[in-house]
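In full-length UniProt numbering, the protein residues as written are 1 to 280.
Laid out in structure tokens, this is it:
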């Protein structure tokens, strides 16, 4: 044992030496003879350019601000508001069954010649839109430019005169108009313009709160509903507020509000009010 230990002490382990590996990264980078950094003529040209810029500063022409604007407040806007309609806005309003003149109170709708030209080019599908536009309540704006592209025409009119509001559903046109200060946009959201009330097949499109109360009344009370046509109590509940008679096979809407309760009276009054609004 002692002899082995002596041998280990006599011959200690040599430390590992890190070898230098030759790579391209260690080589010095040489510039080519055609490099611009070596060429003295290019350096002189750069110095001359910098000197010329300092001597003759560049003059930029910015667009003149409108006198109608006080910061971002447009003083030229006021009732009756002058609204320029886009082709998309007219088509979407017809699709959502929205009367343009009635929906825009205190507004004068304007239509350019290029908007009318675009609708005429679209074909027979947009005949109704053309008929709506030719109403005398819509005022016409004459276009002097070539072609029938409406977006450029509307942007140019809005930049020149700050008395207009633009009614459009086009995303690209909205993006362009937002860059112009003091010009508001009228979008058309389909969900907001829809009528809220009894507009279903059986006239029972209730609100969320009414729907819950009607459902509770119909399920919890277990009261039989008599048919108005045959007079029998053979009615079956199909949906919220909709009942069907098994004998005469006729559907009756609004069966819940027959019950003489406080919630039943509120439901009855709201349904009557909504029905009157739809009839008008």
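C-beta: ideal position from N, C-alpha, C; glycine also.
Residue i - DSSP class collapsed to helix/strand/coil
{"i": "residue 239", "result": "strand"}
{"i": "residue 90", "result": "helix"}
{"i": "residue 38", "result": "coil"}
{"i": "residue 115", "result": "helix"}
{"i": "residue 153", "result": "helix"}
{"i": "residue 43", "result": "helix"}
{"i": "residue 136", "result": "coil"}
{"i": "residue 177", "result": "helix"}
{"i": "residue 30", "result": "coil"}
{"i": "residue 74", "result": "strand"}
{"i": "residue 68", "result": "coil"}
{"i": "residue 101", "result": "helix"}
{"i": "residue 85", "result": "strand"}
{"i": "residue 167", "result": "strand"}
{"i": "residue 128", "result": "helix"}
{"i": "residue 159", "result": "helix"}
{"i": "residue 250", "result": "coil"}
{"i": "residue 50", "result": "helix"}
{"i": "residue 232", "result": "coil"}
{"i": "residue 216", "result": "helix"}
{"i": "residue 95", "result": "helix"}
{"i": "residue 201", "result": "Residue confidence is low: residue 201 scores 45 on pLDDT, short of 50, so the model does not pin down where it sits. Its coordinate-derived value is still stated next. It is coil, neither helix nor strand."}
{"i": "residue 121", "result": "helix"}
{"i": "residue 193", "result": "Any reading at residue 193 must be qualified, since the residue scores a pLDDT of 37, below 50, and its modelled position is unreliable; no value is offered."}
{"i": "residue 183", "result": "coil"}
Closest by C-alpha distance to residue i, when choosing among the options
{"i": "residue 136", "options": "247, 233, 46 and 109", "result": "109"}
{"i": "residue 184", "options": "247, 158 and 239", "result": "158"}
{"i": "residue 160", "options": "172, 67, 126 and 61", "result": "67"}
{"i": "residue 215", "options": "235, 242 and 177", "result": "242"}
{"i": "residue 282", "options": "164, 170 and 172", "result": "Since the displayed the chain opens at 1 and closes at 280, residue 282 lies outside it and no answer follows."}
{"i": "residue 231", "options": "237, 239, 238 and 248", "result": "248"}
{"i": "residue 65", "options": "173, 244, 162 and 174", "result": "162"}
{"i": "residue 116", "options": "61, 147, 53 and 50", "result": "147"}
{"i": "residue 82", "options": "55, 166 and 233", "result": "166"}
Contact check, residue i vs residue j, beta carbons under 9 Å
{"i": "residue 180", "j": "residue 84", "result": "no"}
{"i": "residue 150", "j": "residue 120", "result": "no"}
{"i": "residue 37", "j": "residue 45", "result": "no"}
{"i": "residue 186", "j": "residue 89", "result": "yes"}
{"i": "residue 91", "j": "residue 126", "result": "yes"}
{"i": "residue 168", "j": "residue 129", "result": "no"}
{"i": "residue 107", "j": "residue 80", "result": "yes"}
{"i": "residue 59", "j": "residue 94", "result": "no"}
{"i": "residue 188", "j": "residue 98", "result": "yes"}
{"i": "residue 246", "j": "residue 236", "result": "yes"}
Would you call the stretch 98 to 114 in contact with the stretch 59 to 73, where contact means no fewer than 3 C-beta pairs closer than 8 Å? no
Is the stretch 112 to 121 close to the stretch 129 to 149, with three or more CB pairs under 8 Å? yes
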